[in-house]
Amino acid sequence: MTDSKYFTTNKKGEIFELKAELNNEKKEKRKEAVKKVIAAMTVGKDVSLLWYNFRDCEDPNPLIRALAVRTMGCIRVDKITEYLCEPLRKCLKDEDPYVRKTAAVCVAKLHDINAQMVEDQGFLDSLRDLIADSNPMVVANAVAALSEISESHPNSNLLDLNPQNINKLLTALNECTEWGQIFILDCLSNYNPKDDREAQSICERVTPRLSHANSAVVLSAVKVLMKFLELLPKDSDYYKPEILKQEIKVFFVKYNDPIYVKLEKLDIMIRLASQANIAQVLAELKEYATEVDVDFVRKAVRAIGRCAIKVEQSAERCVSTLLDLIQTKVNYVVQEAIVVIRDSDNPDLRDRGYIYWRLLSTDPVTAKEVVLSEKPLISEETDLIEPTLLDELICHIGSLASVYHKPPNAFVEGSHGIHRKHLPIHHGSTDAGDSPVGTTTATTLEQPQVIPSQGDLLGDLLNLDLGPPVNVPQVSSMQMGAVDLLGGGLDSLVGQSFIPSSVPATFAPSPTPAVVSSGLNDLFELSTGIGMAPGGYVAPKAVWLPAVKAKGLEISGTFTHRQGHIYMEMNFTNKALQHMTDFAIQFNKNRPFYNPDRLTYTTQFSLPNTLYRALHYLKILVPLFEVAVKNNIDVFYFSCLIPLNVLFVEDGKMERQVFLATWKDIPNENELQFQIKECHLNAGE
Amino acid sequence: MSASAVFILDVKGKPLISRNYKGDIAMSEIEHFMPLLLQREEEGALAPLLSHGRVHFLWIKHSNLYLVATTLKNANASLVYSFLYKTVEVFSEYFKELEEESIRDNFVIVYELLDELMDFGFPQTTDSKILQEYITQQGNKLETGKSRVPPTVTNAVSWRSEGIKYKKNEVFIDVIESVNLLVNANGSVLLSEIVGTIKLKVFLSGMPELRLGLNDRVLFELTGRSKNKSVELEDVKFHQCVRLSRFDNDRTISFIPPDGDFELMSYRLSTQVKPLIWIESVIEKFSHSRVEIMVKAKGQFKKQSVANGVEISVPVPSDADSPRFKTSVGSAKYMPEKNVVIWSIKSFPGGKEYLMRAHFGLPSVEKEEVEGRPPIGVKFEIPYFTVSGIQVRYMKIIEKSGYQALPWVRYITQSGDYQLRTS
Numbered sequence: 001m002t003d004s005k006y007f008t009t010n011k012k013g014e015i016f017e018l019k020a021e022l023n024n025e026k027k028e029k030r031k032e033a034v035k036k037v038i039a040a041m042t043v044g045k046d047v048s049l050l051w052y053n054f055r056d057c058e059d060p061n062p063l064i065r066a067l068a069v070r071t072m073g074c075i076r077v078d079k080i081t082e083y084l085c086e087p088l089r090k091c092l093k094d095e096d097p098y099v100r101k102t103a104a105v106c107v108a109k110l111h112d113i114n115a116q117m118v119e120d121q122g123f124l125d126s127l128r129d130l131i132a133d134s135n136p137m138v139v140a141n142a143v144a145a146l147s148e149i150s151e152s153h154p155n156s157n158l159l160d161l162n163p164q165n166i167n168k169l170l171t172a173l174n175e176c177t178e179w180g181q182i183f184i185l186d187c188l189s190n191y192n193p194k195d196d197r198e199a200q201s202i203c204e205r206v207t208p209r210l211s212h213a214n215s216a217v218v219l220s221a222v223k224v225l226m227k228f229l230e231l232l233p234k235d236s237d238y239y240k241p242e243i244l245k246q247e248i249k250v251f252f253v254k255y256n257d258p259i260y261v262k263l264e265k266l267d268i269m270i271r272l273a274s275q276a277n278i279a280q281v282l283a284e285l286k287e288y289a290t291e292v293d294v295d296f297v298r299k300a301v302r303a304i305g306r307c308a309i310k311v312e313q314s315a316e317r318c319v320s321t322l323l324d325l326i327q328t329k330v331n332y333v334v335q336e337a338i339v340v341i342r343d344s345d346n347p348d349l350r351d352r353g354y355i356y357w358r359l360l361s362t363d364p365v366t367a368k369e370v371v372l373s374e375k376p377l378i379s380e381e382t383d384l385i386e387p388t389l390l391d392e393l394i395c396h397i398g399s400l401a402s403v404y405h406k407p408p409n410a411f412v413e414g415s416h417g418i419h420r421k422h423l424p425i426h427h428g429s430t431d432a433g434d435s436p437v438g439t440t441t442a443t444t445l446e447q448p449q450v451i452p453s454q455g456d457l458l459g460d461l462l463n464l465d466l467g468p469p470v471n472v473p474q475v476s477s478m479q480m481g482a483v484d485l486l487g488g489g490l491d492s493l494v495g496q497s498f499i500p501s502s503v504p505a506t507f508a509p510s511p512t513p514a515v516v517s518s519g520l521n522d523l524f525e526l527s528t529g530i531g532m533a534p535g536g537y538v539a540p541k542a543v544w545l546p547a548v549k550a551k552g553l554e555i556s557g558t559f560t561h562r563q564g565h566i567y568m569e570m571n572f573t574n575k576a577l578q579h580m581t582d583f584a585i586q587f588n589k590n591r592p593f594y595n596p597d598r599l600t601y602t603t604q605f606s607l608p609n610t611l612y613r614a615l616h617y618l619k620i621l622v623p624l625f626e627v628a629v630k631n632n633i634d635v636f637y638f639s640c641l642i643p644l645n646v647l648f649v650e651d652g653k654m655e656r657q658v659f660l661a662t663w664k665d666i667p668n669e670n671e672l673q674f675q676i677k678e679c680h681l682n683a684g685e
Numbered sequence: 001m002s003a004s005a006v007f008i009l010d011v012k013g014k015p016l017i018s019r020n021y022k023g024d025i026a027m028s029e030i031e032h033f034m035p036l037l038l039q040r041e042e043e044g045a046l047a048p049l050l051s052h053g054r055v056h057f058l059w060i061k062h063s064n065l066y067l068v069a070t071t072l073k074n075a076n077a078s079l080v081y082s083f084l085y086k087t088v089e090v091f092s093e094y095f096k097e098l099e100e101e102s103i104r105d106n107f108v109i110v111y112e113l114l115d116e117l118m119d120f121g122f123p124q125t126t127d128s129k130i131l132q133e134y135i136t137q138q139g140n141k142l143e144t145g146k147s148r149v150p151p152t153v154t155n156a157v158s159w160r161s162e163g164i165k166y167k168k169n170e171v172f173i174d175v176i177e178s179v180n181l182l183v184n185a186n187g188s189v190l191l192s193e194i195v196g197t198i199k200l201k202v203f204l205s206g207m208p209e210l211r212l213g214l215n216d217r218v219l220f221e222l223t224g225r226s227k228n229k230s231v232e233l234e235d236v237k238f239h240q241c242v243r244l245s246r247f248d249n250d251r252t253i254s255f256i257p258p259d260g261d262f263e264l265m266s267y268r269l270s271t272q273v274k275p276l277i278w279i280e281s282v283i284e285k286f287s288h289s290r291v292e293i294m295v296k297a298k299g300q301f302k303k304q305s306v307a308n309g310v311e312i313s314v315p316v317p318s319d320a321d322s323p324r325f326k327t328s329v330g331s332a333k334y335m336p337e338k339n340v341v342i343w344s345i346k347s348f349p350g351g352k353e354y355l356m357r358a359h360f361g362l363p364s365v366e367k368e369e370v371e372g373r374p375p376i377g378v379k380f381e382i383p384y385f386t387v388s389g390i391q392v393r394y395m396k397i398i399e400k401s402g403y404q405a406l407p408w409v410r411y412i413t414q415s416g417d418y419q420l421r422t423s
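Sequence lines, in order, name chains A and B. Residues in the first sequence are numbered from 1 upward in steps of one, following UniProt numbering. Residues in the second sequence are numbered from 1 upward in steps of one, following UniProt numbering.
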């Protein structure tokens with residue numbers, strides 16, 4: 001380290017002078033020197049070397065001893081650390097608890113600088129001994145230090161939690177400061193009780209913490225309870241699955257709430273929406289939709305659509321609320337309402353039909369806008385948290401992960417190897433319904449077709465064996481052609497999944513996208529390996545996922561129709577300055593178009609004489625794809641519309657008679673007429 | 001687990017003082033904070049948690065200061081925010097007011113405090129009364145060499161020192177209830193709750209044991225008393241001195257109090273009560289000409305009680321001019337900088353009904369941007385009255401020296417977040 005030069009050569013340095021002054025005989029001089037030091041510290045100079053005066057560790061005043069051991073740990077110079085060992089060992093056994101609690105933290109500091117030495121010197125054992133210390137503050141700091149250290153030792157059982165020392169922690173919990181209580185509770189939340197009886201007894205002793213004035217203590221207690229309640233039988237007094245269900249009013253938005261509070265409240269309101277409170281929720285959302293903050297208004301309108309999906313029975317009510325809003329004629333309200341109605345993800349066609357019918361009978365002009373609107377769907381928010389992620393986030397209540405709604409490894413560097421937390425599994429039952437977060441989980445259960453997020457995606461994708469890494473040339477961009485969407489290739493895939501495979505490639509950064517249409521192409525031609533069929537219109541690739549929204553990954557693509565199959569072609573371009581690896585892709589099965597249960601519809605497209613039926617079907621459906629792409633950086637979602645033309649078959653030419661007969665077969669009620677104006681046709685088209 | 005470093009920045013984002021607890025983040029990272037904050041503010045996406053690259057900033061604002069904690073890890077965010085607010089509390093108790101000036105004037109002590117409040121990212125002693133015993137304003141530790149850590153710091157009772165003496169042993173109990181109300185434009189009550197706090201001023205010698213008796217419904221049920229005249233407290237939160245497991249067990253509120261002022265407990269009641277001051281309003285806007293406002297206020301509490309310092313703020317369009325008022329009681333004042341009319345009534349007895357009319361001109365050219373519809377707000381204070389009916393039944397004070405101490409109780413009900421939406 002560069003700093004160590006001060007010890008040997010730089011005799012004339014500022015530090016040296018200060019040191020001399022600090023040791024001056026005159027009190028006044030010393031006092032002046034201390035002031036200088038503090039001034040130096042406040043402007044950011046490293047003056048820690050002034051304090052390597054280890055004699056202080058022997059000072060009769062415990063405050064001085066503690067200060068010495070505290071500053072010792074701040075000297076981040078490798079060579080010195082070994083001189084710290086003996087004083088630290090003494091301080092860990094100091095008679096004064098103030099010194100011991102400071103020494104406990106010092107072990108964590110030292111571990112940060114030289115982990116090996118801390119282990120070799122047996123300091124970890126000393127820390128573990130401090131868990132049994134008579135002073136609750138010492139216990140708390142020892143727990144904090146051990147927890148911190150064990151973060152970098154994911155697999156070791158550093159804390160060695162067992163019923164005996166858990167009992168010690170629970171005793172200290174009642175006596176230590178509010179912060180100490182948090183350290184202990186956070187530590188407890190990592191413990192796995194051996195049976196439901198132990199879990200219950202811990203819950204009973206943690207529950208009083210819910211009445212603590214410090215909200216961080218309360219949240220840490222909630223975390224422990226949420227985890228351990230999982231282990232309790234459902235009929236016990238303790239099991240209260242729907243903790244916030246009655247509290248929806250608390251989340252009503254106030255005029256003077258900061259915008260982030262407003263948005264967060266909105267989100268919670270939707271998550272808590274149920275048949276019992278939907279009327280109230282809708283009345284509120286309608287109120288918010290008439291506020292002035294455009295962004296908030298849009299989100300409020302969208303929330304109405306989310307309610308319709310979440311509380312199915314209320315769909316009709318939601319629609320009429322939206323229709324009311326359309327009547328306001330406020331530009332962005334109407335726009336948003338239209339998008340929401342179009343996006344109403346109701347899988348039941350009759351409901352959708354009903355919405356359109358209502359719309360038509362109320363406001364034909366708007367109906368036209370709805371049907372003809374070209375607006376891309378705005379669906380970047382995932383409404384629901386995927387169950388395994390939710391489980392993981394429960395283990396991180398109160399932490400940044402729970403604020404970001406992301407697992408820690410998505411935003412903490414170097415945490416990939418660390419094992420992910422999950423809720424304990426109750427004996428004899430493994431179904432997801434056991435999760436204690438009532439409403440939220442209930443939602444996810446009702447909506448099993450949620451896009452899985454983050455790392456789980458890869459594992460959950462399908463039962464496809466990803467196999468050994470395929471030898472793929474390292475290309476800066478590639479074409480993922482021929483993801484077999486609708487054609488017969490489906491049969492060759494496993495089960496209900498549609499995913500071709502993960503992409504075992506590394507994308508190197510590239511300032512300019514260069515399309516290489518080789519290599520991977522073959523990977524995805526799972527079905528028949530059809531080549532490019534000439535003829536047929538292919539739309540130029542459009543950007544589906546702009547790089548700014550996906551941390552540098554740009555996805556553009558188009559749909560093509562070749563020999564009876566519809567293909568989705570995508571270009572992946574890495575515009576970031578880092579490598580991208582571990583790609584996986586998944587399509588949302590939510591859309592009728594892409595729903596395995598509705599394959600009967602889609603396969604019919606290849607039959608020439610059902611052409612019109614296909615069109616008719618399209619008229620009420622939004623032919624939209626929702627896609628999730630995962631890589632080592634994050635998971636990204638985007639959606640793209642399937643252009644009509646790809647649904648047409650190449651040999652779609654019909655005999656006049658056949659066409660007329662087909663036309664006549666269509667029941668009258670399915671027929672709609674409107675005039676197309678300003679459409680110039682050239683001869684020959 | 002928690003903060004890597006803590007910064008105190010001035011209003012422009014310039015660091016006034018900082019403490020690097022872990023050394024895993026370059027201190028220069030803080031330079032990104034203010035640009036990031038401004039950018040988010042512009043995007044309308046400002047939040048108390050910002051991130052730049054791998055660094056996360058957790059921040060709060062207090063007067064003209066930003067307190068910012070940084071971390072690289074999945075830190076316990078609630079702990080960090082709780083700690084930052086506690087830091088504000090400690091500094092405020094040390095310097096009376098916490099602002100840029102007080103930080104500059106007390107450099108040395110701020111640095112010392114930052115060192116004592118947190119170690120390696122773990123919050124330590126944050127009780128300002130105890131800190132004041134060994135981290136003193138004079139900072140003359142070197143000369144005397146006597147400064148010692150009070151045993152309190154590591155005691156189980158870490159909030160009270162031994163050897164406190166008063167000539168007259170007294171406790172003052174303030175029971176303060178705030179009423180939060182949210183009423184829809186059509187007059188239906190959306191949210192009505194009472195948030196109560198019990199604050200103590202303790203002037204007691206030695207290490208006294210206190211026990212507070214309330215007409216708590218759960219306690220009455222436990223002890224087989226009649227439920228009449230009891231209140232159902234929800235969401236009860238206690239100061240750290242209260243023995244939580246004891247309360248959980250038999251609803252006894254027992255504690256050794258800190259010295260001086262502190263908030264003993266808070267609670268919430270969601271039982272619907274009649275809004276204490278009910279407002280009916282008609283705000284009629286005639287575009288390009290005028291706005292006419294009629295506000296009727298009614299005291300819906302018992303006749304013996306009086307609401308003091310009533311202030312009803314009624315929103316008016318920002319381009320309104322030439323105000324004229326007529327009130328049956330009190331006075332009305334136009335505050336153009338806030339776009340409201342404030343109708344003040346010094347004393348408002350229960351059962352009474354008052355009226356205010358206001359008239360404003362509007363410019364003939366209408367401005368383009370749409371305005372929000374802020375709610376009507378009401379402020380008031382009703383002494384000698386608790387809306388929930390909570391009562392202090394007793395305060396037992398036992399100290400081994402056996403002195404007699406007097407508890408004094410005061411009740412007050414006031415407006416909390418009291419809003420009535422307008423149409």
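C-beta: ideal position from N, C-alpha, C; glycine also.
Assigned exposure category for residue i - 16 Cβ within 10 Å defines buried
i: residue 76 of chain B; result: buried
i: residue 116 of chain B; result: buried
i: residue 328 of chain A; result: exposed
i: residue 314 of chain B; result: buried
i: residue 337 of chain B; result: exposed
i: residue 414 of chain B; result: buried
Identified DSSP bridge partners for residue i
i: residue 396 of chain A; result: According to DSSP, residue 396 of chain A bridges with nothing at all.
Any C-beta of chain B under 8 Å from that of residue i
i: residue 94 of chain A; result: no
i: residue 63 of chain A; result: yes
i: residue 378 of chain A; result: Low confidence applies to residue 378 of chain A: its pLDDT is 38, below 50, so where it sits in the model is not reliable enough to give any reading.
Chain A within 8 Å of residue i, Cβ atoms only
i: residue 305 of chain B; result: no
i: residue 144 of chain B; result: With a pLDDT of only 44 at residue 144 of chain B, under 50, the local geometry of the prediction cannot be trusted, and the value read off the model is given with reservation. False, the Cβ-Cβ gap to chain A never drops below 8 Å.
i: residue 123 of chain B; result: yes
i: residue 240 of chain B; result: yes
i: residue 160 of chain B; result: no
i: residue 152 of chain B; result: no
Start-to-end residues for the alpha helix (DSSP H) that takes in residue i
i: residue 119 of chain A; result: 115-120
| 4-residue-minimum alpha helix (DSSP H) runs that sit fully inside the stretch 44-105 of chain B, ordered along the chain | Within the stretch 44-105 of chain B, complete alpha helix (DSSP H) segments of at least 4 residues are found at 77-95 and 100-105, given in chain order.
| query | Hey, which unbroken runs of the alpha helix (DSSP H) at 4 residues or more fall wholly within the stretch 267-349 of chain A? | reply | 278-288, 294-310, 315-327 and 331-343
| request: List in chain order: all unbroken beta strand (DSSP E) runs of 3+ residues lying wholly within the stretch 318-390 of chain B. | output: 321-327, 331-335, 340-349, 353-361 and 376-383
| field | Whole runs of the alpha helix (DSSP H) within the stretch 121-184 of chain A, excluding any shorter than 4 residues | value | 123-130, 136-151 and 163-173
| 3 or more residues per run - each beta strand (DSSP E) lying fully within the stretch 184-218 of chain B | For the stretch 184-218 of chain B, whole beta strand (DSSP E) runs of length 3 or above, ordered along the chain, are 189-203 and 209-214.
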